[in-house]
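Trainee: Numbering-wise, the working numbering comes out as the position in the sequence shown, counting from 1, plus 129.
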Amino acid sequence: MPEGDTIHRAARTLHRALAGRAVTRFESVFPALTRVDVDHPVRGRIIERVEARGKHLLMWLSGLSAVASAKAEPLVLRTHMRMSGSWHIYRPHERWQRSRDDMRIIIETDELHAVAFNVPVAELTTAKALERTQAIRNLGPDPLSADFRVDDAVRGIRSRNGMDIADALLDQSAIAGIGNVYKSEILFAGRINPFAKVDVLPPTDLERLVAIAVKFMRANTAEGAAAAIETYRGLRRTTGRHDPGARLWVYGRAGKPCRRCGTAISRAKQGAHARSTYWCPRCQDRRCDRFKAASRPDRDRD
Ligand SMILES: [Zn+2]
């Protein structure tokens, strides 16, 4: 499940592979993209940079230079992976690791081809129009961006008072890039009950949670974490351990013993989208009494 760190890794891998190169071929199964491509061809443009904002991946394409309309506006390709999307990079003639049926976008350069599989959200637009896109305009501070400030994120989360802290961490307009895995992991590391309302948590708790978010996400985008070919899959770690069975504290571990105290990890569906939350009822119990009514353990699979 791609979260902000995965998208940042993918953006970095794509940037290294493609930046500065000219697009030699563009193809998409999305009519909205091919319509833009007909009027403002992608072919011939230079891929200037690839970056992540929150969980959005942005590929900036230069105005056309080789064509008469030298003043054509630069374009940006925005993709969002949701649960299942991924970008792969291949050499020409290399065999794809996914079915052609899953292909949504192909961007070819002379040396490498970038292929987007199963991305559910894709938009080809101008820079100005991108900034007007609600999903981009409303993005909160991104722990993986260079200008991130803890205070901004704390303010964003605090403004979600009335929400459970777990839901506030998922709110992309409060803090960008945190997904369902990190949500549970951050709260465990911060020893905060996921059902605590934002307004009952002191600022020091929120600061601690944001600091943990920054630490986890930056550790998982460190150099060396990027895969050479597949840009999506990455073994996310929060425990600092490499053993695949010991990478996470609580996520996906319902019923298993807490790595700190041995108590069975709980799981419940939480929030408007019924996302699974995992927590240790003992380690994250300190302020739990008034939230217990809200947490209904639930034995379905996620
Ligand atoms: Zn515990």
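Ideal Cβ positions, reconstructed from N, Cα and C, are used throughout, including at glycine.
Can you list, in chain order, the residues of its chain whose CB lies under 6 Å from that of G381, leaving out five sequence neighbours each side?
Mentor: Translated into the one-based positions of the sequence shown, residue 381 becomes position 252. If we look at G381 and ignore the five residues flanking it on each side, it has no Cβ neighbours.
Trainee: Compute the minimum distance between the beta carbon of G319 and the heavy atoms of ligand 1, and state whether it is under 8 Å.
Mentor: For this step, residue 319 is matched to residue 190 along the sequence shown. The answer is no for G319.
Trainee: Rounded to a whole number of angstroms, what is the C-alpha to C-alpha distance between W189 and K344?
Mentor: The residue you call residue 189 lines up with position 60 of the sequence shown. The residue you call residue 344 lines up with position 215 of the sequence shown. Taking the straight line joining both Cα atoms gives about 28 Å.
Trainee: What are the residues that DSSP puts in a beta bridge with P386?
Mentor: Residue numbering aside, residue 386 sits at position 257 when the sequence shown is read from its first letter. Answer is A393, bridged to P386.
Trainee: Determine the burial state of N267: buried for a count of at least 16 other Cβ atoms within 10 Å of its Cβ, exposed for fewer.
Mentor: Looking up residue 267 in the sequence shown gives position 138. By the neighbour-count rule (16 or more Cβ atoms within 10 Å), N267 is not buried but exposed.
Trainee: Less than 6 Å between C-beta atoms, sequence neighbours within five positions excluded: which residues of the same chain meet that for G400?
Mentor: For the purposes of this step, residue 400 is taken as the residue at position 271 of the sequence shown. Here the set comprises D296.
Trainee: Would you kindly work out how many angstroms separate the C-alpha atoms of V179 and V205, rounded to a whole number?
Mentor: Along the sequence shown, one-based indexing puts residue 179 at 50. Along the sequence shown, one-based indexing puts residue 205 at 76. So the alpha carbons of these two residues sit roughly 9 Å apart.
Trainee: Within the continuous alpha helix (DSSP H) that includes F345, where are the two ends?
Mentor: Position 216 of the sequence shown, counted from the start, is the residue given in the question as residue 345. Where F345 is concerned, the enclosing alpha helix (DSSP H) stretches over 332 to 348.
Trainee: Would you call T333 buried or exposed, if buried means 16 or more other Cβ atoms sit within 10 Å of its Cβ?
Mentor: As a position in the sequence shown, residue 333 is number 204, starting the count at 1. Under this definition T333 is an exposed residue.
Trainee: Considering only heavy atoms of ligand 1, does any lie closer than 8 Å to the CB of R411?
Mentor: As a first step, residue 411 must be located in the sequence shown, where it is residue number 282. Yes, Cβ of R411 sits closer than 8 Å to a heavy atom of ligand 1.
Trainee: Let me confirm a value: M346 is counted as buried when at least 16 other C-beta atoms fall within 10 Å, else exposed. Which label applies?
Mentor: Indexing the sequence shown from 1 puts residue 346 at position 217. M346 comes out buried.
Trainee: Roughly how many angstroms separate the alpha carbons of R172 and D134, rounded to a whole number?
Mentor: Residue numbering aside, residue 172 sits at position 43 when the sequence shown is read from its first letter. Residue numbering aside, residue 134 sits at position 5 when the sequence shown is read from its first letter. When rounded, the distance between both Cα atoms is 30 Å.
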